Ligand SMILES: [Zn+2]
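Shown next, in the form of structure tokens:
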């Protein structure tokens, strides 16, 4: 099935008569203003329309007494202000530079979608004498992802994989399973994931009240079986906590004749240093003996 066939044909395409139609072909049909289409209502709402939610923005709607309703959708680019308008608004050059290129002219393509409720059919067609798009479908994809991609990203983001892994999964799924030429960029995945799950390192950020933060950390370590002591070096500002697991203390007692100490800086927001003691065990391995913070 090709889209050029649609352009020259005045007849209505009926979805149930089209077999093996890919998601990308569905998107092309719904993108084309001159394509008249009939789709089963359930299929339309659940499968077809989520594919093009990035292309069409609702303009008006009308509900009839018999329960049928129609909506007029206008191209996403109708509302989109081009970059020349933005420059007039004194947006810094830096911002303009990173803004993606977009079509210079606005698009006024419109379609009418009718939900014939009793027949359980949705009819899609050109609205009045609407002109066709002034840009390609890819131009829209570059600026905004269809709902189907966002939903996929949200589903994956909940599993808490890192953004590059999610991006790869989405790309594989959209191209192989859906035959869709529109995936998500890693940066977008990160943004969506942020909305779904909050900042990636949120579980590592402690209480903003330092005293409370320390006491919470101490109780956590004690729960994990660690022995924790708060220490203070007299006549100096040095203080902190030392923690070690009983197994580590045993190693320290047995092999403490040679102990190494090293520290890592910037281990928390206060730039504290984490000191670690290492002992040389009977197997010749350097083992962690205790930690100071
Ligand atoms: Zn358009």
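In the UniProt record's numbering, the protein residues as written are 1 to 293.
The beta carbon of each residue, even a glycine, is placed where N, CA and C say it ideally should be.
None of these values were measured; they are calculated from a predicted model.
So for residue 234, helix, strand or coil by DSSP? For the purposes of this step, residue 234 is identified with residue 234 of the chain shown, where counting begins at 1. The answer is coil: DSSP assigns residue 234 none of H, G, I, E or B.
Straight-line Cα distance separating residue 267 from residue 103: One-based indexing of the chain shown puts residue 103 at position 103. One-based indexing of the chain shown puts residue 267 at position 267. Residue confidence for residue 103 is low, a pLDDT of 46 falling below 50, so the modelled location carries little weight; the figure read from the coordinates is stated next. Per the coordinates, the alpha-carbon of residue 103 lies some 47 Å from the alpha-carbon of residue 267.
Give, in chain order, every unbroken run of the beta strand (DSSP E) that is at least 3 residues long and sits entirely within the region 14-80. Secondary structure remark: continuous beta strand (DSSP E) runs of at least 3 residues inside the region 14-80, in chain order: 37-40, 56-63, 69-75.
What is the DSSP secondary structure of residue 248, counted as helix, strand or coil? Residue mapping note: residue 248 aligns to position 248 of the chain shown, counting from 1. In the structure shown, residue 248 sits in a helix (DSSP, three-state: H, G or I).
Taking just the CA atoms, how far does residue 48 sit from residue 263? As a first step, residue 263 is located in the chain shown; it is residue number 263 there, counting from the start. As a first step, residue 48 is located in the chain shown; it is residue number 48 there, counting from the start. Rounded to the nearest angstrom, the two C-alpha atoms are 58 Å apart.
Grab me the residues of residue 167's own chain with a C-beta within less than 8 Å of its C-beta, minus the 5 sequence neighbours each way, in chain order. Within the chain shown, residue 167 is the residue found at index 167, counting from 1. Closer than 8 Å at the Cβ level, and outside the excluded window around residue 167, lie 183, 184, 185, 186, 189.
Flag residue 75 as yes when its Cβ comes closer than 7 Å to any non-hydrogen atom of ligand 1, and as no otherwise. The residue labelled residue 75 in the question sits at position 75 within the chain shown. For residue 75, the shortest separation between its Cβ and any heavy atom of ligand 1 lies below 7 Å.
Suppose only complete runs of 4+ residues qualify. What are the alpha helix (DSSP H) ranges in the region 106-146, listed by chain order? Within the region 106-146, complete alpha helix (DSSP H) segments of at least 4 residues are found at 137-143, given in chain order.
Using only the alpha-carbon positions, how far apart do residue 5 and residue 139 sit? Counted from its first residue, the chain shown places residue 5 at position 5. Counted from its first residue, the chain shown places residue 139 at position 139. For residue 5, the predicted structure reports a pLDDT of 44, less than 50, and the residue's modelled location is therefore unreliable. A value from the coordinates is still provided. Rounded to whole angstroms, residue 5 to residue 139 spans 22 Å at the Cα level.
What first and last residue would you give for the beta strand (DSSP E) that runs through residue 278? Looking up residue 278 in the chain shown gives position 278. Element bounds for residue 278: 274-280.
Short of 8 Å in beta carbon distance, which residues of its chain neighbour residue 61, apart from the five on each side in sequence? Order them along the chain. Against the chain shown, residue 61 aligns to sequence position 61. Within the same chain, 69, 70, 71, 72 come within 8 Å of residue 61 by CB-CB distance, once the 5 residues on both sides are set aside.
At a cut-off of 7 Å, would you count residue 107 as near ligand 1, judging by its Cβ distance to the nearest heavy atom? Against the chain shown, residue 107 aligns to sequence position 107. At least one heavy atom of ligand 1 is nearer than 7 Å to the Cβ of residue 107, so yes.
Residue 36 to residue 127, Cα distance in whole Å? In the chain shown, the residue the question calls residue 36 occupies position 36. In the chain shown, the residue the question calls residue 127 occupies position 127. Spanning the two alpha carbons is a distance of roughly 11 Å.
Could you tell me the boundaries of the alpha helix (DSSP H) in which residue 260 lies? As a working note, residue 260 is residue 260 in the chain shown. Not the alpha helix (DSSP H): residue 260 falls in the beta strand (DSSP E), residues 259-264.
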